[in-house]
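A.B. asks:
2 protein chains.
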Amino acid sequence: MQQILDASQPSDWRTLDPKNTIYLELARGRVVIELAPQFAPAHVANIRALAHNGYWNGLSINRSQDNYVVQWGDANGEDPAKRKPFGKGVKAKLPAEFSRKSAGLAMTVLPDPDGWAAQAGFAAGFPAARDSEQGNSWLAHCYGTVGAGRDLAADSSNGTELYVVIGQSPRHLDLNITTVGRVIKGMELLSTLPRGTGNLGFYETAAERTPIQAIRLAADVPKAERANLEVLRTDTPLFAALVESRRNRQDDFYKRPAGHINICNVPLPVRDQVAESKAAKKK
Amino acid sequence: MQQILDASQPSDWRTLDPKNTIYLELARGRVVIELAPQFAPAHVANIRALAHNGYWNGLSINRSQDNYVVQWGDANGEDPAKRKPFGKGVKAKLPAEFSRKSAGLAMTVLPDPDGWAAQAGFAAGFPAARDSEQGNSWLAHCYGTVGAGRDLAADSSNGTELYVVIGQSPRHLDLNITTVGRVIKGMELLSTLPRGTGNLGFYETAAERTPIQAIRLAADVPKAERANLEVLRTDTPLFAALVESRRNRQDDFYKRPAGHINICNVPLPVRDQVAESKAAKKK
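Those protein sequences? They're chains A and B, same order as listed.
For the first sequence, full-length UniProt numbering begins at 1 and goes up steadily by one.
For the second sequence, full-length UniProt numbering begins at 1 and goes up steadily by one.
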């Protein structure tokens, strides 16, 4: 894989759009999340407004369930008297955005069957799946996928409560919940959090929760403080070669190439834009 | 799922065989691992002898790679002058045990296609796969699966170096490495370890490694100190009902049942034998 990346051209990479990037700032570091307005425009609009309003600042990570999800939001969110106001421009109620119409969304389809969906691949840089009969597409639940927690009603999420997958891909959640993006950098800051001992991995005491210093929209952050990352494009011949190199590994370690790959096993490389441009200058 | 488990009978459960159970004792707690002699008899025999000899006591967890594996063994294992002797009854060299003949191994086959293998299901209580043409079966790489690290040569593992999967199932490792068992309890003690910042997630300094207090074979441990666990059988009508309840979830949260399951998404319930027998007495 490294050989393939070493041969990449600038055009094989894309920069993150600051309007679609949020930073979850913890005492232990920064988690960078790319939002997916292509899949959940109403939720992403709300998340942008919530971040702009500083809604999550001072709230906390309230749940860490092993092999499942880490989740944050307002620990008092269920209590109308105590819950934090959402602020300007935030809708309290949104439609469910479990999937979108496939029309207008290009997908790089994997050559192997998916099992959970008729087809799976990558769309707008995200692991995704689609159903040609229904004509819909959705952002799939893989390691690092970010979703909007909800109650029993399909339309009960509004983006205030977000979770990140930290284990085996829970694809049964696909088409049952609104997925809003994925973690680009800093997964280990979430995946290593102590697990909660309460029901569903919720922490049983306030002291166990991890405080959120801030969640900021990158567009609201001074340029000097932004994470200038580039993500490998998923609609290029180079990406196809990368997928094939993972389907059939050719190095000396592997005795039997798998001849198969799953969307959640395909790495989506990220690099530091600044470091790369410095490297280019050296040349 | 809880309803199904509540309806289980004692015969739906099996106790762990102390000869096939090892305890990884860390300052933060105990990790219980069930060994799989059905799949890797030579490696399991070596692991039993290594545990009996106290080989790992005082060694360390040397690697934690996000979304991949945690690994332990002798940090000086590559240095003939410094490495710890294996002790009595341990073979320095073993054959590769990447798979076994399917004959004599019953498998509860899942109804859904696997993708990575012709068939997948559960055998001897472990997630497993098989190939009818080749006539072989193997223990699959799921969250919690334990494998024997090796160098480039297929027969270069001997069980001294063990890893546990802590992320998305790396099924491409199937048939490329010897799998020896799975974690039954205490996964969160491994999955939350700080990630190593070196190549492949190895820790860069000795201070970052987690000391192993001991790895003991349960049969060598006084009965009063054993973890008396029971594991749900995978060859019963009750287990089939559990699988179906996960393929098509019927609770109020799910709006669209998946109609599909993957071996690595099927929970393998564990319960405390003592607590249950106490509960039975109460009744």
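The C-beta atom is built at its ideal place from N, Cα and C for all residues, glycine as well.
#1: Taking the alpha carbon of A:A45 as the point to measure from, which residue in A:K101, A:S102 and A:L94 has its own alpha carbon closest?
#2: Am I right that A:L105 and A:Q38 are in contact with their C-beta atoms under 8 Å? What's the rounded C-beta distance?
#3: Looking at C-beta atoms only, is the number of pairs between the region 24 to 37 of chain B and the region 165 to 185 of chain B that lie closer than 8 Å three or more?
#4: Contact between the region 69 to 81 of chain A and the region 216 to 225 of chain A: three or more CB pairs below 8 Å?
#5: So with CB distances below 8 Å, who are the chain B contacts of A:P113?
#6: Which residues in chain A have a C-beta closer than 7 Å to the C-beta of B:Y143? List them in chain order.
#7: With 8 Å as the threshold, decide whether the Cβ of B:K101 is near any Cβ in chain A.
#8: Anything in the region 254 to 273 of chain B with a Cβ closer than 7 Å to a Cβ of chain A? List those residues in chain order, please.
#9: To the nearest angstrom, how far is the alpha carbon of A:K283 from that of B:V231?
#10: So B:N265 and A:Q71 are supposed to be a Cβ contact under 8 Å. How far apart are they, rounded?
#11: Starting from B:V90, follow the beta strand (DSSP E) in both directions and report where the run begins and ends.
#12: Check the Cβ-Cβ distances between B:R30 and every residue of chain A, and say whether any is below 8 Å.
#13: Can you tell me whether B:E97 is helix, strand or coil according to DSSP?
#14: How is residue 305 of chain A classed by DSSP in three states: helix, strand or coil?
#15: Are the CB atoms of A:Q65 and A:L190 nearer to each other than 8 Å?
#16: Considering only the beta carbon of each residue, do B:G58 and B:I177 sit closer than 8 Å?
#17: Are the C-beta of A:N228 and some C-beta of chain B separated by less than 8 Å?
#18: Kindly list the residues whose CB is nearer than 8 Å to the CB of B:I4, restricted to its own chain and excluding five residues on each side of it in sequence; keep chain order.
#19: In terms of residues, what are the limits of the beta strand (DSSP E) holding A:S137?
#20: Strictly under 8 Å for the Cβ-Cβ distance: is A:R209 near chain B by that measure?
#21: Which residues bound the beta strand (DSSP E) around A:V32?
#22: Among residues of its own chain, excluding the 5 on either side of A:W56, which ones have a beta-carbon nearer than 6 Å to its beta-carbon?
#23: In the DSSP assignment, what are the bridge partners of B:E230?
#24: If distances are taken between C-alpha atoms only, which option among B:A118, B:N76 and B:A42 comes closest to B:K91?
#25: What residue ranges within the region 142 to 210 of chain B form continuous beta strand (DSSP E) runs of no fewer than 3 residues, ordered along the chain?
#26: Going by DSSP in three states, A:N62 sits in which element: helix, strand or coil?
#27: Count the other C-beta atoms from every protein chain shown that fall within 10 angstroms of the C-beta of A:S11, then say buried if there are 16 or more, exposed otherwise.
#28: Closer than 6 Å by C-beta to B:L173: which residues in its own chain qualify, once you throw out the five before and the five after it? Chain order, please.
#29: Identify every residue that forms a DSSP beta bridge with B:T21.
#30: Mind checking which residues open and close the alpha helix (DSSP H) that includes A:R48?
#31: State the start and end residues of the unbroken alpha helix (DSSP H) segment that holds B:I4.
#32: What does B:S176 reach in chain A if we use C-beta pairs closer than 8 Å?
#33: For A:E225, is the classification buried or exposed, using 16 other Cβ atoms within 10 angstroms of its Cβ as the cut-off for buried?
#34: Just reading off the alpha helix (DSSP H) that B:L242 is part of, what are its end residues?
#35: Let's test the definition: count the other Cβ atoms within 10 Å of the Cβ of B:A40 and tell me whether it reaches 16, buried, or not, exposed.
C.D. replies: So, from the data block:
#1: Looking only at A:K101, A:S102 and A:L94, the smallest Cα-Cα distance to A:A45 is reached by A:L94.
#2: Between the beta-carbon of A:L105 and that of A:Q38 there is about 6 Å, and that keeps the pair under the 8 Å contact cut.
#3: Yes: at least three Cβ pairs fall under 8 Å.
#4: Short answer: they don't touch.
#5: Residues of chain B with a Cβ closer than 8 Å to the Cβ of A:P113 are, in chain order, P113 and G115.
#6: Simply N67, G167 and Q168.
#7: Cβ-Cβ to chain A under 8 Å: no for B:K101.
#8: Against chain A - using a Cβ distance shorter than 7 Å - the residues of the region 254 to 273 of chain B are Y254, K255, R256, A258, H260, N262, C264 and N265.
#9: Because A:K283 sits at a pLDDT of 44, beneath the cut-off of 50, its placement in the model cannot be relied upon, and the following sentence gives the value as read from the coordinates. In this structure, the straight-line span from the alpha carbon of A:K283 to that of B:V231 is close to 59 Å.
#10: Rounded, the Cβ-Cβ distance is 19 Å, inconsistent with contact.
#11: Segment: none, B:V90 is in no beta strand (DSSP E) and carries neither H nor E.
#12: Chain A, which has no Cβ nearer than 8 Å to the Cβ of B:R30, makes this no.
#13: Judged by DSSP in its simplified three-state form, B:E97 adopts coil rather than helix or strand.
#14: The structure shown does not extend to residue 305 of chain A, since chain A is modelled only from 1 to 283, so the question has no answer here.
#15: Cβ atoms of A:Q65 and A:L190: not closer than 8 Å.
#16: Cβ distance not < 8 Å, so B:G58 and B:I177 don't count as in contact.
#17: Interface criterion not met: the Cβ of A:N228 is under 8 Å from no Cβ in chain B.
#18: Residues L238, A241, L242 and S245 of the same chain have their beta carbon placed closer than 8 Å to that of B:I4, with the five preceding and five following residues left out of the count.
#19: N136 to L139 is the span of the beta strand (DSSP E), which, as asked, contains A:S137.
#20: Between A:R209 and chain B, the shortest Cβ-Cβ separation is not below 8 Å.
#21: First-last of the beta strand (DSSP E) with A:V32: G29 to L35.
#22: Excluding positions up to five away in sequence, the list reads I212 and I215.
#23: In the DSSP assignment, the residues bridged to B:E230 are B:T15 and B:R271.
#24: Proximity to B:K91 across B:A118, B:N76 and B:A42 peaks at B:A42, based on C-alpha coordinates.
#25: With a minimum length of 3 residues, the unbroken runs of beta strand (DSSP E) contained wholly in the region 142 to 210 of chain B fall at 145 to 148, 162 to 165 and 178 to 185.
#26: Looking at A:N62 - three-state DSSP - the assignment turns out to be strand.
#27: A:S11 is exposed by the Cβ-count criterion.
#28: Within the same chain, B:L173 has close Cβ partners H141.
#29: DSSP lists B:E34 as partners of B:T21.
#30: In the DSSP assignment, A:R48 falls within the alpha helix (DSSP H) that extends over P41 to H52.
#31: Element bounds for B:I4: Q2 to D6.
#32: Contrary to the premise, residue 176 of chain B reads as Asn rather than Ser in this sequence. Simply F253, Y254, K255 and R256.
#33: With fewer than 16 other Cβ atoms within 10 Å, it is exposed.
#34: Segment P237 to R247, the alpha helix (DSSP H) holding B:L242.
#35: By the 10 Å Cβ count, B:A40 comes out buried.
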